[in-house]
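Enquirer: Residue numbers (this note's numbering): 24 to 371. For each residue, glycine too, the CB sits at the ideal point set by N, CA and C.
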Amino acid sequence: MNKKLALGIDGGGTKSDAVLIDEHGNVLGWGRGGTGQALWAGREAAQESYAEAIREALGELRPSDLWVAGLYEGIFDKMAFPNVTAHYVHAAELTRGLATALETHGILVLSGTGAFVAVLTEAGDCVHLDGLGPVLGDHGSGYQIGHMGMRAAMVSDWSPERRTALAELVPQELGVESTKDVFSLIYQQHIGRSRIASAAKAVIRAACEGDDIARNIVLQAADDISDTLRDVVRKFDLADSSYAMIASGGISQNCDMYWNRVYERASEFAPSLRPVRPKVRPCVGSALLALKAMGVEWSQELLARIEETQQPFLDVLDSQPEQFPAEEPGGIRLEYRQQGERTMKSDK
Numbered sequence: 024m025n026k027k028l029a030l031g032i033d034g035g036g037t038k039s040d041a042v043l044i045d046e047h048g049n050v051l052g053w054g055r056g057g058t059g060q061a062l063w064a065g066r067e068a069a070q071e072s073y074a075e076a077i078r079e080a081l082g083e084l085r086p087s088d089l090w091v092a093g094l095y096e097g098i099f100d101k102m103a104f105p106n107v108t109a110h111y112v113h114a115a116e117l118t119r120g121l122a123t124a125l126e127t128h129g130i131l132v133l134s135g136t137g138a139f140v141a142v143l144t145e146a147g148d149c150v151h152l153d154g155l156g157p158v159l160g161d162h163g164s165g166y167q168i169g170h171m172g173m174r175a176a177m178v179s180d181w182s183p184e185r186r187t188a189l190a191e192l193v194p195q196e197l198g199v200e201s202t203k204d205v206f207s208l209i210y211q212q213h214i215g216r217s218r219i220a221s222a223a224k225a226v227i228r229a230a231c232e233g234d235d236i237a238r239n240i241v242l243q244a245a246d247d248i249s250d251t252l253r254d255v256v257r258k259f260d261l262a263d264s265s266y267a268m269i270a271s272g273g274i275s276q277n278c279d280m281y282w283n284r285v286y287e288r289a290s291e292f293a294p295s296l297r298p299v300r301p302k303v304r305p306c307v308g309s310a311l312l313a314l315k316a317m318g319v320e321w322s323q324e325l326l327a328r329i330e331e332t333q334q335p336f337l338d339v340l341d342s343q344p345e346q347f348p349a350e351e352p353g354g355i356r357l358e359y360r361q362q363g364e365r366t367m368k369s370d371k
């Protein structure tokens, strides 16, 4: 196939996406694998997640020249596609997030499975706060929302004040029947970061349906990432800046309640920031950086074409169940030992 194409990749905490786009903005393929973060899944599993997403995105297409962004070179080389010349383009988490809004500098507010806030200034200065994982950070993340939702579900029947729809919705989201089964997921099956974060969907649903406890969880998470945002603003004296403040990740991009709260809080300490919620995902940001390296000029028309042609792929992919690593840090790991009565002991 004598054609130049761009392949954009993003490895998130729960899933990895790869998108194939031509120079006119037509999305030709989209693939998905498991988590692309070696810290959570291990190096080999993360690399296989990328490879799975890339194979699915390319399908039978074998372009003579392929601009690849958002991937370590060695992973693609190992896949050994014959007659495909790969040109590698740097696309860090921050730059590909900015690219989803056609920006080369600004502030990125990412809340997905994990969370961080980062800025790249016009002068090229950069700071990245958080992304510290579920134990040490990820303030305002899907993990935080899911974990808080699970805790609220467990105590729902303790008193009328604690009663919440999460007692029913969280088990449903996790694929079990009751909060008793949720207890088993945590302490016997040792589910990890991604699976706990998936419970955020139940919390957001309950919050949107008027559940006060769920709503408070979502707003607390938004306040927490807003505090990180304020720290970024202070570090570079951006209180009067008109930089774009770009949403990234499933929580920031898809939950109105969450993002509106972040914007409300940001208006208190940096009122001139421009909130932007892209309609494309970070892997598309990688592809946009690849397209720029090919010589394709960014434009709103190009972005609109991508938005239009991506939808059939997303309709299929987003209807599929999420894949969770078999082994993953981030859960609460305790052991049960039978000693007369059933007791619970820590690993220490």
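1. Alpha carbon to alpha carbon, how far is Arg-257 from Glu-184? Give it in angstroms, no decimals.
2. Going by C-alpha to C-alpha distance, which of Ser-134, Ala-69, Tyr-95 sits closest to Asp-246?
3. DSSP three-state label for Phe-139, please.
4. Taking only three categories from DSSP, how would you classify Cys-278?
5. For Arg-78, which residues in the same chain have their Cβ closer than 7 Å to its Cβ, ignoring the five residues on either side in sequence?
6. Quick check on the DSSP output: the alpha helix (DSSP H) that includes Ile-214 runs from which residue to which?
7. Could you name the residues of the same chain whose beta carbon sits closer than 6 Å to that of Ala-229, not counting the 5 residues immediately before and after it, in chain order?
8. Since Ile-44 and Leu-314 are thought to touch, with beta carbons under 8 Å apart, how far apart are those beta carbons, to the nearest angstrom?
9. DSSP beta-bridge partners for Arg-55?
10. Determine the DSSP secondary structure at Val-158, reduced to helix, strand or coil.
11. Helix, strand or coil for Lys-302? Go by DSSP, reduced to three states.
12. Select from Ala-176, Pro-305, Gly-165, Phe-99 the residue whose C-alpha is nearest the C-alpha of Asp-204.
13. For Gly-156, collect the residues of the same chain with a Cβ closer than 6 Å to its Cβ; drop the 5 residues on either side in sequence, then sort them by chain order.
14. Thr-37 to Ser-295, Cα distance in whole Å?
15. Is it right to say Gln-323 is buried, meaning 16 or more other beta carbons lie within 10 angstroms of its own, or is it exposed?
16. Please report the distance separating the alpha-carbon of Ala-222 from that of Asn-106.
17. Tell me, please, whether the stretch 128-147 touches the stretch 264-275 by the rule of three or more beta-carbon pairs shorter than 8 Å.
Expert: Let's see:
1. Within the sequence shown, numbered from 1, the residue matching residue 184 stands at position 161. Within the sequence shown, numbered from 1, the residue matching residue 257 stands at position 234. In a straight line, the C-alpha of Glu-184 is about 38 Å away from that of Arg-257.
2. By one-based count along the sequence shown, residue 246 stands at place 223. Per the Cα distances, Ser-134.
3. In the sequence shown, residue 139 corresponds to position 116, counting from 1. The answer is strand: DSSP assigns Phe-139 an E or B state.
4. Indexing the sequence shown from 1 puts residue 278 at position 255. Residue state, collapsed to three classes: coil.
5. Here residue 78 is taken as the residue at index 55 of the sequence shown, counted from 1. The answer, listed in chain order, is Gly-54.
6. Position 191 of the sequence shown, counting from 1, holds the residue named residue 214. Taken as a continuous stretch (DSSP letters only), Ile-214 belongs to no alpha helix (DSSP H), as it is neither H nor E.
7. Along the sequence shown, read from residue 1 onward, the residue named residue 229 stands at position 206. Correct list, in chain order: Ala-188, Leu-189, Leu-192, Ala-237.
8. Position 21 of the sequence shown, counted from the start, is the residue given in the question as residue 44. Position 291 of the sequence shown, counted from the start, is the residue given in the question as residue 314. About 7 Å; that satisfies the 8 Å criterion.
9. Within the sequence shown, the letter at position 32 stands for residue 55. DSSP output for Arg-55 lists Asp-40 as bridge partner(s).
10. For the purposes of this step, residue 158 is taken as residue 135 along the sequence shown, with counting starting at 1. Three-state DSSP puts Val-158 in a helix.
11. The residue you call residue 302 lines up with position 279 of the sequence shown. Here Lys-302 sits in coil by DSSP.
12. Position 181 of the sequence shown, counted from the start, is the residue given in the question as residue 204. Here the closest residue by C-alpha is Ala-176.
13. For this step, residue 156 is matched to residue 133 along the sequence shown. Correct list: empty, nothing qualifies.
14. Indexing the sequence shown from 1 puts residue 37 at position 14. Indexing the sequence shown from 1 puts residue 295 at position 272. Straight-line Cα distance between these residues: approximately 33 Å.
15. Your numbering for residue 323 matches position 300 in the sequence shown. The residue is exposed, with fewer than 16 neighbouring Cβ atoms inside 10 Å.
16. As a first step, residue 222 must be located in the sequence shown, where it is residue number 199. As a first step, residue 106 must be located in the sequence shown, where it is residue number 83. Approximately 44 Å between the Cα atoms of the pair.
17. yes
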